[in-house]
Structures are given as structure tokens and as C-alpha cells.
Amino acid sequence: MEKPVRKRGRPRVLDRDVGLDIAARLFWERGYEGTSTADLTKAMGINPPTLYSTFGSKEELYRQALDFSIARENSRRSEILQSSLPVYEALSLYLYDIADGDTQPDKPRGCMVSTAVLQHAEENASVARMTASLRETSMQTLKTRFDRAVEDGELPAQTDTDTLARFYGAIIQGMSAQACDGACNALLKRMIDLALTAWPGKKRRSRQSEFGAVERIRTNDLLSDPSAIDVAVTKEK
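The sequence shown: position 182 = 182 (the working numbering), numbered continuously.
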């Protein structure tokens with residue numbers, strides 16, 4: 001008697017957003033070169049053909065995972081920068097939000113973009129250009145906000161807004177690197193406060209905004225006492 005032929009089950013259908021979330025976390029934790037196709041398929045519970053048919057190549061999946069992560073993480077930050085808040089307050093809240101993102105307890109440390117693919121094998125040069133382009137876009141976003149501040153009289157007319165944006169972009173990248181090395185949230189915010197002392201324009205804050213009024217409690221001057229911690233207390237409306 002012949003044995004019945006067993007039919008193959010259908011390949012697992014993967015929800016696209018779930019797959020991108022899994023991929024983003026893996027790439028964030030291990031980096032592009034440290035994440036293999038086998039790692040991705042195992043984490044998603046799918047086979048390689050399903051991965052390729054759903055997302056394309058590993059490089060294309062990385063691009064999609066970056067876009068997915070940026071859209072999820074940056075909506076509030078874009079809202080802050082595009083708001084009518086005084087530019088100094090908007091920049092402060094923007095940097096504080098990044099520090100919070102760099103040190104979330106339930107996610108990998110640092111930023112997926114800020115320190116991604118800084119060094120790479122020759123065959124991954126296109127991926128490095130991709131992440132460099134994203135970092136450049138972030139700095140141009142800051143420059144656009146600073147240009148508006150010049151027009152509004154919040155920054156001096158002669159301000160080099162490109163260099164100013166790159167200065168705070170360097171602070172953002174540095175925070176990501178230090179968070180990966182274990183720096184805590186309070187330390188990152190102390191770095192921000194020190195970086196804000198270099199602000200060349202008006203240091204105005206609104207009394208209240210849709211983002212909450214921010215009060216600073218200073219125990220000591222950071223420059224005279226490096227152990228001092230600045231605490232930001234946000235009071236929601």
C-alpha cells in the first residue's frame with residue numbers, strides 16, 4: 001500500500017510592519033554588517049525566499065527598516081522643530097527627546113542612524129552613503145530651523161547656520177556613541193545643557209506650550225561641580 005504524499009504547508013505570512021520592527025531592532029543592536037540574512041529569517045520566523053519576496057535584498061530591507069524606525073521615532077521631534085516655540089526652547093526639547101530615545105530601557109542604546117555604518121567593508125559603501133545621507137538630512141533640518149530663527153530675529157543676522165547645525169549634529173552623534181558605551185540619561189542631559197551655553201542667540205522660553213512648560217532645577221553650576229545634575233521636570237497642561 002502506497003503511503004500518501006504529504007503536502008507542504010504554506011509559507012508563513014509575515015505582517016510587513018512586524019517584520020520591519022524586528023529587522024530594525026536587529027540592525028540597531030548588531031549593525032548592518034553584524035546582522036546576517038540567517039539572523040533576520042530566524043528572528044522573523046520565515047525562510048529566505050519569503051524575506052526576499054517581501055523586502056528585497058538585505059540592503060533594501062535595511063533601508064526600509066531605517067525608514068520605518070525614523071518615521072516612528074521622529075514624528076514628535078519634527079513637531080517640536082516645526083512648532084512656533086522660540087528656537088532655543090525648541091532646540092532644548094529636541095535634544096532632550098533624543099537623549100531620552102538614546103537611553104530607553106526597553107530598546108537598544110544609542111540611535112540607529114547617528115552612529116550607523118561609520119566604518120564598513122568596501123562592498124557596503126552604498127549602505128554607508130545611505131546612512132550618511134540621513135544624518136545630513138537631519139542637520140539640514142536643524143539648519144532650516146536656524147535660518148527661520150535668523151529671519152525672526154532670534155539669531156544674529158551673521159550667524160553661520162550651517163556650522164551651528166553641524167555643531168549640534170555632532171552633539172547628537174556623540175550622545176549616541178556615549179549612550180552605547182553606557183552613559184546614563186542624566187549625563188547626556190548635562191552634556192546638552194553645556195552645549196546650549198554655546199547658543200549664539202536669544203535664550204527665550206515660552207511660559208507654556210503644547211509640549212509642556214520645562215522647569216530646570218540646578219543643584220550647582222556644571223562647570224564648577226561636574227557631579228551636579230540638572231533635572232528637567234515637565235509639567236503637562
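Each residue gets a CB set at the ideal place from its N, CA and C atoms; glycine is no exception.
Keep in mind the model is a prediction, meaning the values are calculated, not measured.
On a CA-only basis, which of the options is nearest residue i? Give me that one, please.
i    : options                   : result
A165 : C184, I22 and A195        : A195
F167 : N74, Q140 and R76         : Q140
I98  : W199, G201, I172 and C184 : I172
R205 : R16, S75 and S83          : S83
Out of curiosity, what's the CA-to-CA distance linking residue i and residue j?
i    : j    : result
E33  : K189 : 31 Å
E151 : A157 : 8 Å
Y52  : T161 : 43 Å
R30  : I70  : 18 Å
K42  : A186 : 36 Å
T103 : A24  : 17 Å
T58  : G169 : Note on identity: in this sequence residue 58 is Lys, with Thr being the wrong assignment. Whole-angstrom Cα-Cα distance: 28 Å.
T137 : C184 : 27 Å
S36  : P48  : 11 Å
T197 : T159 : 16 Å
Near residue i, what residues of its chain come up, given a Cβ to Cβ distance below 8 Å and the 5 sequence neighbours on each side ignored?
i    : result
E122 : none
D39  : L26 and R30
Q178 : L187, L188 and M191
G174 : M191
H120 : Y32, E33, V127 and A128
D17  : F68
On the CB-based measure, 16 or more other CB atoms within 10 Å of its CB, does residue i come out buried or exposed?
i    : result
K203 : exposed
K286 : For the chain, the structure presents residues 1 to 237; residue 286 sits outside this window and is missing.
S78  : exposed
V113 : buried
A90  : buried
G182 : exposed
A125 : exposed
V242 : Here the chain has residues from 1 to 237 only, and residue 242 is not among them.
T163 : exposed
G56  : exposed
Within its chain, find whatever has a CB closer than 6 Å to the CB of residue i; leave out the 5 residues flanking it on each side and keep chain order.
i    : result
C180 : R109 and G110
V87  : A149 and E154
D147 : T161
R145 : L81
L95  : I192
Can you give me the Cβ contacts of residue i inside the same chain, cut-off strictly under 7 Å, excluding the 5 residues immediately before and after it?
i    : result
L14  : M44, I46, T50 and T54
Y62  : F27, Y32 and V127
I22  : A43 and M44
E73  : G101
L20  : Q64, A65 and F68
S176 : D102, G110, C111, S114 and T115
M130 : R63
Item to check | Runs of alpha helix (DSSP H) wholly within the stretch 49-112 (minimum 4 residues, chain order) | outcome: 58-82 and 87-102
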